[in-house]
């Protein structure tokens with residue numbers, strides 16, 4: 001199918017023009033100043049058929065012209081075939097919406113990255129997320145690509161660089177003896193690619209480049225890790241050991257504040273394990289968020305620690321408020337004891353200074369409890385995974401577990417806990433077989 005050209009699109013001969021009607025054109029030997037002259041160079045065409053322009057012999061002869069974004073653009077070539085080829089390409093790009101102005105593609109990656117980051121800030125991304133982007137740009141990405149023009153960033157160069165990050169120990173900013181033969185972790189390389197790809201995608205949407213050079217990059221595989229989940233007994237033992245760790249600290253200090261009593265830490269561990277709250281969500285809870293009578297905890301805020309900014313209280317990860325149930329009588333009793341007689345506006349689990357408890361302060365006690373429990377690898381996030389695992393094991397419903405955990409999509413929950421759903425098939429088979437037998441009378445026959 002022929003490519004339609006804009007009204008001003010085409011290839012122009014800059015050195016020559018056709019003779020106008022009734023125009024007197026002379027040969028160079030007969031012409032005076034300002035008179036039209038025939039071109040007599042046989043390399044340019046048949047002598048005596050083309051009129052020389054004022055630019056004859058200057059610069060490149062052929063100029064491709066096209067219209068994009070309401071403006072006329074042009075590029076000159078020595079050969080007409082090259083000009084035609086270029087014109088066909090840019091016209092096709094204009095018509096398919098993939099055209100990028102060559103002048104705009106001279107913008108540097110660093111400039112585009114700053115513009116992209118501003119869009120994330122304007123979209124109210126979490127401060128910790130923005131800080132993560134900023135750190136990845138400053139430490140890993142911009143030292144390599146800051147001053148590179150967008151048009152010079154190719155798929156091949158990106159692939160080579162990401163392979164270097166994944167395999168060469170020189171890519172590591174902080175080296176340990178165990179890392180002497182390794183590059184960045186697969187997770188870090190994947191994160192790096194995601195940010196670079198998002199910046200280039202932003203540039204493509206803004207018509208700075210026609211394609212995203214980061215598309216279809218081969219990346220290292222992320223090791224599959226199976227999250228640890230605790231049993232009911234382990235949860236209660238861990239909660240008690242966390243309280244014991246705080247008691248041990250208090251025996252060495254007479255100034256420990258009442259807000260961080262061992263009982264509060266025990267309640268906090270139980271709440272994390274039976275509600276599925278993220279640590280930041282739990283730390284942001286106020287006394288007023290707990291309704292013992294209705295057995296509900298209202299979750300609407302999260303506290304995160306951002307380097308250089310301290311602790312910031314903001315929306316939850318999914319920007320949604322949710323109500324989570326108090327699922328066990330033991331947890332209800334613990335929360336009742338923690339909330340009685342307190343100001344509703346206080347943090348439910350404050351740190352020593354009365355503000356939101358930092359994860360670092362909590363981990364000092366929690367990690368001692370993990371060591372006492374004798375189950376390595378437990379982190380505060382393990383308690384969230386435990387809540388999801390226990391919920392699915394009890395009722396086999398991904399939908400209910402998803403609501404409990406505050407996942408935006410049920411598919412997220414299904415992907416994380418798919419290994420636990422095998423038991424659902426057994427329960428489904430039993431239920432379907434029973435229903436089929438009742439419907440067909442097979443059950444009655446088999447009992448005779």
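In UniProt numbering, the protein residues as written are 1 to 448. Note that CB positions come from ideal geometry on N, CA and C, so glycine has one too.
query, result
"Which term fits residue 246, buried or exposed, when burial requires 16 or more other beta carbons within 10 angstroms of its beta carbon?", "buried"
"Apply the 10 Å Cβ neighbour rule to residue 27 and answer buried if 16 or more other Cβ atoms are within range, or exposed otherwise.", "exposed"
"Closer than 8 Å, CB to CB, is residue 218 near chain B or not?", "The question asks about chain B, but that chain is absent: this structure has only one protein chain."
"Apply the 10 Å Cβ neighbour rule to residue 364 and answer buried if 16 or more other Cβ atoms are within range, or exposed otherwise.", "exposed"
"Quick check: the Cα distance between residue 342 and residue 406, rounded to an integer number of angstroms?", "28 Å"
"Once you ignore the five residues that flank residue 391 on each side, which residues in its own chain have a CB closer than 7 Å to its CB?", "400, 401 and 404"
"If you draw a straight line from the C-alpha of residue 105 to the C-alpha of residue 53, how long is it?", "33 Å"
"Can you tell me whether residue 48 is buried or exposed, with buried defined as 16 or more other CB within 10 angstroms of its CB?", "exposed"
"At which residues does the beta strand (DSSP E) containing residue 73 begin and terminate?", "71-77"
"Tell me whether the stretch 369-389 and the stretch 262-274 touch, counting them as touching only if at least three CB pairs, one residue from each stretch, are closer than 8 Å.", "yes"
"Among 276, 281 and 240, which one has its Cα closest to the Cα of residue 261?", "240"
"Following the continuous beta strand (DSSP E) through residue 456, name the residue where it begins and the one where it ends.", "Residue coverage of the chain in this structure runs from 1 to 448, which leaves residue 456 outside it and unanswerable."
"Where do the ends of the alpha helix (DSSP H) carrying residue 296 lie?", "Looking at the DSSP string, residue 296 is not in any alpha helix (DSSP H); the run it does join, the beta strand (DSSP E), is 296-299."
"Using 8 Å as the threshold, is the C-beta distance between residue 94 and residue 8 below it?", "no"
"DSSP state of residue 349, grouped into three classes?", "coil"
"Near residue 20, what residues of its chain come up, given a Cβ to Cβ distance below 7 Å and the 5 sequence neighbours on each side ignored?", "none"
"Report yes or no: do three or more beta-carbon pairs, one from the stretch 187-206 and one from the stretch 229-243, lie closer than 8 Å?", "no"
"Please classify residue 435 as buried or exposed, where buried requires at least 16 neighbouring CB atoms within 10 angstroms.", "exposed"
"Where DSSP assigns a beta bridge to residue 304, which residues make up the other side?", "312"
"Excluding sequence positions up to five away, which residues of its chain have a Cβ less than 6 Å from the Cβ of residue 44?", "none"
"Applying the criterion that 16 or more other CB atoms from any shown protein chain within 10 Å of the CB defines a buried residue, is residue 112 buried or exposed?", "buried"
"To the nearest angstrom, report how far apart residue 248 and residue 242 are at their CA atoms.", "10 Å"
"For residue 281 versus residue 306, is the C-beta distance shorter than 8 Å?", "no"
"In this structure, how does DSSP classify residue 39 when only helix, strand and coil are distinguished?", "coil"
"Candidates 349, 397 and 78: which alpha carbon is nearest residue 265's?", "349"
"Can you check which of these residues, 101, 412, 60 and 376, is closest to residue 455 by C-alpha distance?", "Only positions 1 to 448 of the chain appear in this structure, which leaves residue 455 out of reach."
"Using CA atoms only, rank isn't needed, just tell me which of 331, 130, 412 and 61 is closest to residue 293.", "331"
"Quick one: what does DSSP say residue 105 is sitting in, helix, strand or coil?", "helix"
"Between which residues of its own chain and residue 133 is the CB-CB distance below 7 Å, once the five residues before and five after are set aside?", "117, 120 and 195"
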